[in-house]
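Participant: Let me begin by handing over the structure; questions about it come next.
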Amino acid sequence: MERKRSSRHRQRYRKRKTTCDKIKDFIREFIAFMFSNVGIIGLVVGYTICGAFMFQAIEGTEASDDREEAIKDIHSARSKTRDRLWEITQKFNVLEEEAWREQAASEVLKFQMEVIDAINKGYDGVDDVKDLSETSQWSFSGAFLYSLTVITTIGYGNVAPKTEWGKVATIFYAIIGMPLFLLYLSNIGDILAKSFKWSYAKCCLCRGCGSNRDSRSVSPENSVAVQVPEIIDETDEQYEESHIESTLGDSVKDDTITVPVTLCLAIMVGYVCGGAILFSKWEDWDFLDGSYFCFISLSTIGFGDIVPGDQIYASKGLDMSFIFCSMYLMLGMAIIAMCFNLMQEEVIHKFRSCVKAVKNCCSCSGARDDDVDTAPIE
Amino acid sequence: MEEEQQQQLLADKQSCSPSAAKRFFSVFAALGSNQLLRSALSHLGLFSTLVAYTALGGLVFRALERPGEVTRVAEAQNYLWDQRLSFISSVANFNSSSGLNFPDFLRLRLSAYEESICGAVQQGVLHVPRRAPDIQSASEVASWGYLHSIFFASTVLTTIGYGNVAPVTFWGRAFCVAFALVGIPLTLTVIADLGRIIASSLTSLGDTLREHLPCVAHLLQATDDGSKQGSLGIFLKSVSFFAAIVLLLVYIAAGAALFTVWEDWTFFEGFYFCFITLTTIGFGDLVPKEPDYMLLCTLYILVGLAMTSTIIELVRRQYAQSWKRMKELSARLQSLSGPITDALKRIDLSRASSTIDLTMLHELRDLKKTLTLTQLETKLRFPTSKKNEWQKEMEAAMQEIVQLTAPPKRTVVIYETSV
Chain V
1 MERKRSSRHR QRYRKRKTTC DKIKDFIREF IAFMFSNVGI IGLVVGYTIC
51 GAFMFQAIEG TEASDDREEA IKDIHSARSK TRDRLWEITQ KFNVLEEEAW
101 REQAASEVLK FQMEVIDAIN KGYDGVDDVK DLSETSQWSF SGAFLYSLTV
151 ITTIGYGNVA PKTEWGKVAT IFYAIIGMPL FLLYLSNIGD ILAKSFKWSY
201 AKCCLCRGCG SNRDSRSVSP ENSVAVQVPE IIDETDEQYE ESHIESTLGD
251 SVKDDTITVP VTLCLAIMVG YVCGGAILFS KWEDWDFLDG SYFCFISLST
301 IGFGDIVPGD QIYASKGLDM SFIFCSMYLM LGMAIIAMCF NLMQEEVIHK
351 FRSCVKAVKN CCSCSGARDD DVDTAPIE
Chain G
1 MEEEQQQQLL ADKQSCSPSA AKRFFSVFAA LGSNQLLRSA LSHLGLFSTL
51 VAYTALGGLV FRALERPGEV TRVAEAQNYL WDQRLSFISS VANFNSSSGL
101 NFPDFLRLRL SAYEESICGA VQQGVLHVPR RAPDIQSASE VASWGYLHSI
151 FFASTVLTTI GYGNVAPVTF WGRAFCVAFA LVGIPLTLTV IADLGRIIAS
201 SLTSLGDTLR EHLPCVAHLL QATDDGSKQG SLGIFLKSVS FFAAIVLLLV
251 YIAAGAALFT VWEDWTFFEG FYFCFITLTT IGFGDLVPKE PDYMLLCTLY
301 ILVGLAMTST IIELVRRQYA QSWKRMKELS ARLQSLSGPI TDALKRIDLS
351 RASSTIDLTM LHELRDLKKT LTLTQLETKL RFPTSKKNEW QKEMEAAMQE
401 IVQLTAPPKR TVVIYETSV
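Top to bottom, those sequences are chains V and G. Note that UniProt numbering gives residue 310 to position 310 of the first sequence, counting from 1, and the numbers run on in steps of one. Note that UniProt numbering gives residue 46 to position 46 of the second sequence, counting from 1, and the numbers run on in steps of one.
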């Protein structure tokens with residue numbers, strides 16, 4: 001293959017360079033590496049950790065202040081109601097029970113309203129101000145999960161910024177973070193898709209009918225995995241190659257491997273079910289709750305009605321479940337991206353052949369039929 | 001990647017190649033308003049499919065969730081009511097024989113009552129029942145009204161997912177999964193479609209501007225060529241990019257102003273809400289509550305998402321355009337470099353480095369011109385790309401050849417590496 005030969009030539013040529021050039025090369029390769037394969041994972045994780053510290057610094061104090069206020073409200077409401085009831089009891093004797101009941105009922109109603117207000121403000125049943133630091137929503141792991149839900153656009157909303165600065169920081173954090181995460185998704189999804197396709201071709205198609213296997217579209221994936229600095233060129237050329245293929249359009253036959261849609265769906269369902277089993281172990285959810293949570297998270301809908309570490313009193317093991325959840329989400333979204341990648345390929349392939357068949361059937365005017373977009377997945 | 005190609009292909013077919021566009025235009029003119037009508041109908045059909053799907057989904061959600069919710073709320077209200085009665089009667093029947101004094105007893109009972117209130121609030125009771133609760137009052141409280149359900153369905157489809165309302169029953173959740181699986185791609189299609197319409201109208205707006213304002217035309221010409229003055233081109237490109245961003249910000253600000261009227265939010269709260277919504281993060285800490293404006297809000301969200309995707313579309317078009325130009329240049333390079341390599345090999349073999357003929361020089365100059373163009377292109381888009389490297393080397397080597405000082409062997413190596 002010409003490309004391999006060329007890279008060998010290039011390397012031979014590079015040996016003759018000065019050290020300064022070597023350093024430059026190294027830096028360039030390092031940057032390329034950071035924005036490719038493994039580096040982007042580190043970049044996303046680092047960005048999320050930075051965000052966790054930032055939001056913890058901004059929101060941590062304020063949130064507990066808010067809760068303290070709510071708890072103070074509750075305390076005052078309690079003592080006031082107690083005093084009022086005591087007064088009422090002293091005022092009316094036991095003999096005048098009807099009047100007493102009326103007064104007491106209105107008092108209790110007032111108390112109930114105050115409690116509901118306090119709950120809406122953030123009171124959640126924990127009285128003790130001392131416990132706040134442990135059960136605060138903005139612990140490090142909570143803030144980490146929050147940052148991740150922002151840049152993945154899941155947005156559970158069980159934890160949300162309350163201060164103005166927190167909101168402003170969220171906006172800017174999202175503006176930078178979302179493209180970064182999209183980059184992560186496309187890179188990792190691409191790599192996963194390629195390696196999956198390769199292994200699929202190796203494992204499944206070897207013993208089956210090898211007719212629609214093509215070495216040309218398989219072999220570059222080997223070098224992708226091994227030669228990291230070559231990635232940019234490889235993908236460019238890959239792009240070009242497939243672009244040429246797609247411009248040729250109808251002349252493309254089944255010389256590319258497409259993974260069947262059912263397999264992709266099976267992988268997604270399997271991942272969701274696996275997540276459900278794991279979460280039902282970590283949290284006390286049943287299987288359905290777990291799979292519902294996984295689906296809602298991975299589709300980035302993110303209602304936030306079920307969230308890991310939801311139990312307020314379970315301060316133990318809370319951190320681990322947050323971290324595990326973050327890892328599960330990052331991996332899962334990459335896998336979903338991979339599956340979409342593969343499915344899209346398959347659907348486009350199918351659609352092409354379908355259009356071709358239609359054109360063959362009625363080869364008259366219908367030239368603009370392919371304006372109907374097949375690939376809405378963005 | 002694949003998808004970009006697909007879209008690029010479509011874009012190429014639709015707009016980029018001038019001859020095809022001309023032909024299409026003539027056909028278009030011949031068909032007259034009929035074609036326009038047809039395309040408008042197809043867009044409209046897609047949109048109305050989405051609307052119908054959303055409405056249907058909302059109704060199904062309502063049918064699935066509402067009965068359960070109403071009974072649940074009614075139970076919680078009843079429970080709360082009973083608790084209050086029992087609290088009062090227990091206080092009324094207090095006697096000191098149990099060993100507690102009255103304040104202590106009161107405190108104990110009160111905290112128990114408070115816990116039951118907490119539980120009831122989590123079940124969805126937000127209002128205090130003043131009279132003895134029944135189903136009627138519970139259904140007034142229930143959150144699955146018609147408009148609420150439709151709004152909920154739209155937040156599922158756009159993957160915003162506020163979560164202030166969420167399905168609780170088994171069938172509601174199962175339907176939610178199926179509904180999202182089918183509906184999300186549909187919604188993305190509609191949004192992409194809307195985005196494409198807005199993008200092409202923006203592009204045509206730019207074209208008319210170019211025709212009518214000569215100075216702007218001159219500037220835009222510079223951006224289009226991109227080769228004359230790279231820095232100016234980049235500057236103008238970034239300006240247009242910023243214009244798109246500013247457009248989005250204006251849209252968000254307009255939404256914020258609307259929401260300050262609709263809901264009793266401050267401007268910043270409205271801005272924050274719109275941003276969180278249009279990025280589909282959707283925390284749900286701020287949620288529109290007025291049912292009258294919910295449909296308008298849904299429309300706002302849909303158009304806003306289309307705007308967001310418009311910007312992506314515009315950037316993508318620019319990318320596709322420069323990619324195409326890049327390909328043309330590389331094709332030219334390929335066609336040029338073949339004969340030159342041959343010639344150089346000949347020179348290398350004969351060691352007659354002083355006899356470079358005129359045609360060869362001409363070819364070299366042509367190649368150099370193409371190279372500089374390519375280099376500008378790469379600089380525009382891949383600042384860290386390694387392609388710059390060999391181009392520089394090649395150019396340097398070429399200058400050496402032109403001055404007839406370089407050993408030809410080296411250039412041959414370079415040619416092989418680069419081609």
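Backbone N, C-alpha and C fix where the C-beta goes; we use that ideal spot for every residue, glycine too. None of the values given here were measured: they were computed from a predicted structure.
With a threshold of 9 Å between beta carbons, is A143/V in contact with chain G?
Facilitator: In the first sequence, the residue the question calls residue 143/V occupies position 143. No, because no Cβ of chain G sits closer than 9 Å to the Cβ of A143/V.
Participant: Measure the C-alpha to C-alpha separation of A320/G and F242/G and round it to an integer number of angstroms.
Facilitator: The sequence position of residue 320/G within the second sequence is 320, counting from 1. The sequence position of residue 242/G within the second sequence is 242, counting from 1. The alpha-carbon atoms of A320/G and F242/G are separated by roughly 19 Å.
Participant: Who are the neighbours of A169/V on chain G, taking C-beta pairs under 8 Å?
Facilitator: For the purposes of this step, residue 169/V is taken as the residue at position 169 of the first sequence. Within 8 Å Cβ-Cβ: nothing; A169/V doesn't reach chain G, min ~11 Å.
Participant: Counting only Cβ pairs nearer than 8 Å, list the residues of chain V close to L106/G.
Facilitator: For the purposes of this step, residue 106/G is identified with residue 106 of the second sequence, where counting begins at 1. The contacting residues are R82, L85 and W86.
Participant: Using DSSP with H/G/I as helix, E/B as strand and the rest coil, what is D284/V?
Facilitator: Here residue 284/V refers to the residue found at position 284 when the first sequence is read from its first residue. The answer is coil: DSSP assigns D284/V none of H, G, I, E or B.
Participant: Quick one: which residues of the region 98-119 of chain V get their C-beta closer than 7 Å to a C-beta of chain G? List them in chain order.
Facilitator: The residues in question are W100, R101, A104, A105, V108, L109, Q112, M113, V115, I116 and I119.
Participant: How about L108/G and T81/V: do their beta carbons lie closer than 9 Å?
Facilitator: Against the second sequence, residue 108/G aligns to sequence position 108. Against the first sequence, residue 81/V aligns to sequence position 81. No; because the gap between Cβ atoms is not below 9 Å, this pair is not in contact.
Participant: Would you say T384/G lies against chain V (beta-carbon separation less than 9 Å)?
Facilitator: Taking the first residue of the second sequence as position 1, residue 384/G is located at position 384. Low local confidence applies: a pLDDT of 44 at T384/G is under 50, so the model's placement there is unreliable, and no value is given.
Participant: How many Å lie between residue 508/G and G255/G at the Cα?
Facilitator: The structure shown does not extend to residue 508/G, since chain G spans only 1 to 419, so no value can be given for it.
Participant: Do the region 110-123 of chain G and the region 135-153 of chain V meet, that is, are 3 or more Cβ pairs less than 8 Å apart?
Facilitator: The region 110-123 of chain G vs the region 135-153 of chain V: no contact.
Participant: Given 8 Å as the limit, is there contact between the region 94-103 of chain V and the region 174-190 of chain V, that is, 3 or more CB pairs closer than that?
Facilitator: Result no; under three Cβ-Cβ pairs closer than 8 Å.
Participant: Looking at the C-beta of D73/V, does it have a partner C-beta in chain G at a distance below 9 Å?
Facilitator: Counted from its first residue, the first sequence places residue 73/V at position 73. False, the Cβ-Cβ gap to chain G never drops below 9 Å.
Participant: For M54/V, go through chain G and note every residue whose CB falls closer than 7 Å to its CB, in chain order.
Facilitator: To locate residue 54/V, count along the first sequence from 1; it is residue 54. What M54/V touches in chain G: nothing, since even the nearest Cβ is about 17 Å away.
Participant: With a Cβ-Cβ cutoff of 9 Å, do G161/G and I154/V count as a contact?
Facilitator: Counted from its first residue, the second sequence places residue 161/G at position 161. Counted from its first residue, the first sequence places residue 154/V at position 154. Yes.
Participant: Identify the contact partners of G304/V in chain G, using a Cβ-Cβ distance below 7 Å as the criterion.
Facilitator: Here residue 304/V refers to the residue found at position 304 when the first sequence is read from its first residue. The answer, in chain order, is G163 and G284.
Participant: In whole angstroms, what is the alpha-carbon distance linking V156/G and E29/V?
Facilitator: Your numbering for residue 156/G matches position 156 in the second sequence. Your numbering for residue 29/V matches position 29 in the first sequence. Answer to the nearest angstrom: the Cα atoms are 42 Å apart.
Participant: Anyone know if the C-beta pair for Q159/G and G302/V falls short of 9 Å?
Facilitator: In the second sequence, counting from the first residue as 1, residue 159/G sits at position 159. In the first sequence, counting from the first residue as 1, residue 302/V sits at position 302. In the sequence as displayed, the identity of residue 159/G is Thr instead of Gln. Against a cut-off of 9 Å, the Cβ pair of G302/V and T159/G comes out as a contact.
Participant: Return the first residue and the last residue of the alpha helix (DSSP H) that E263/G is part of.
Facilitator: For the purposes of this step, residue 263/G is taken as residue 263 along the second sequence, with counting starting at 1. Premise fails: E263/G is in no alpha helix (DSSP H) and is neither H nor E.
Participant: Shortest alpha-carbon distance to G58/G belongs to which of P167/G, E269/G, A244/G and G284/G?
Facilitator: Position 58 of the second sequence, counted from the start, is the residue given in the question as residue 58/G. Of the candidates P167/G, E269/G, A244/G and G284/G, the one whose C-alpha sits nearest the C-alpha of G58/G is P167/G.
Participant: What is the residue span of the alpha helix (DSSP H) that S141/V lies within?
Facilitator: Looking up residue 141/V in the first sequence gives position 141. Its alpha helix (DSSP H) spans residues F140 to I151.
Participant: Less than 8 Å between C-beta atoms, sequence neighbours within five positions excluded: which residues of the same chain meet that for A55/G?
Facilitator: As a position in the second sequence, residue 55/G is number 55, starting the count at 1. Excluding positions up to five away in sequence, the list reads I150 and A153.
Participant: Could you tell me whether the region 260-279 of chain V touches the region 333-343 of chain V, using the rule of 3 or more Cβ pairs below 8 Å?
Facilitator: Counting Cβ pairs under 8 Å, three or more are found: they touch.
Participant: Determine, using beta-carbon pairs with one atom in the region 157-166 of chain V and one in the region 275-285 of chain G, whether at least three such pairs fall under 8 Å.
Facilitator: Yes, the region 157-166 of chain V is in contact with the region 275-285 of chain G.
Participant: List, in order along the chain, the chain G residues whose C-beta lies closer than 7 Å to that of S299/V?
Facilitator: Indexing the first sequence from 1 puts residue 299/V at position 299. Ordered by position in chain G, the residues that pass the 7 Å Cβ test against S299/V are T159, A180 and I184.
Participant: Cutting at 7 Å between CB atoms, please list the residues of its own chain near A193/V, excluding the five before and the five after it.
Facilitator: Position 193 of the first sequence, counted from the first residue, corresponds to residue 193/V. Excluding positions up to five away in sequence, the list reads M338, N341 and L342.
Participant: Could you tell me which of R62/G, E65/G and G145/G sits nearest to D292/G, measuring between CA atoms?
Facilitator: The count along the second sequence starts at 1 and reaches residue 292/G at position 292. Here the closest residue by C-alpha is G145/G.
Participant: Reducing DSSP to helix, strand and coil, say where F242/G ends up.
Facilitator: As a position in the second sequence, residue 242/G is number 242, starting the count at 1. Here F242/G sits in helix by DSSP.
Participant: To which residues of the same chain is residue 401/V closer than 6 Å at the C-beta, ignoring the five residues directly before and after it?
Facilitator: It is not possible to answer for residue 401/V, since the shown part of chain V is limited to 1 through 378.
Participant: Should E107/V be labelled buried (16 or more other beta-carbon atoms within 10 Å of its own) or exposed?
Facilitator: As a first step, residue 107/V must be located in the first sequence, where it is residue number 107. By the neighbour-count rule (16 or more Cβ atoms within 10 Å), E107/V is buried.
Participant: For the region 265-284 of chain G, which residues have a beta carbon sitting closer than 8 Å to at least one beta carbon of chain V?
Facilitator: Within the region 265-284 of chain G, the qualifying residues are F268, Y272, F275, I276, T279, T280, I281, G282, F283 and G284.
Participant: Just the Cα atoms here: how many angstroms apart are V228/V and I191/V?
Facilitator: Position 228 of the first sequence holds residue 228/V. Position 191 of the first sequence holds residue 191/V. Residue placement at V228/V is flagged as unreliable, the pLDDT there being 36, under the threshold of 50; the coordinate-derived value follows with that caveat. So the two alpha carbons sit approximately 12 Å from each other.
Participant: Taking 9 Å as the CB-CB limit, is E59/V close to chain G?
Facilitator: To locate residue 59/V, count along the first sequence from 1; it is residue 59. With 9 Å as the cut-off, E59/V does not count as an interface residue toward chain G.
Participant: Between the C-alpha atoms of K327/G and R317/G, what's the straight-line distance to the nearest angstrom?
Facilitator: Here residue 327/G is taken as the residue at index 327 of the second sequence, counted from 1. Here residue 317/G is taken as the residue at index 317 of the second sequence, counted from 1. Rounded to whole angstroms, K327/G to R317/G spans 15 Å at the Cα level.
Participant: Roughly how many angstroms separate the alpha carbons of L205/G and L298/V, rounded to a whole number?
Facilitator: On the second sequence, position 205 is the one that residue 205/G refers to. On the first sequence, position 298 is the one that residue 298/V refers to. For L205/G and L298/V, the distance between alpha carbons rounds to 39 Å.
Participant: Which residues, in order along the region 109-123 of chain G, keep a beta-carbon less than 8 Å from a beta-carbon of chain V?
Facilitator: Hits within the stretch, in order: L110, S111, Y113, E114, E115, I117, C118 and V121.
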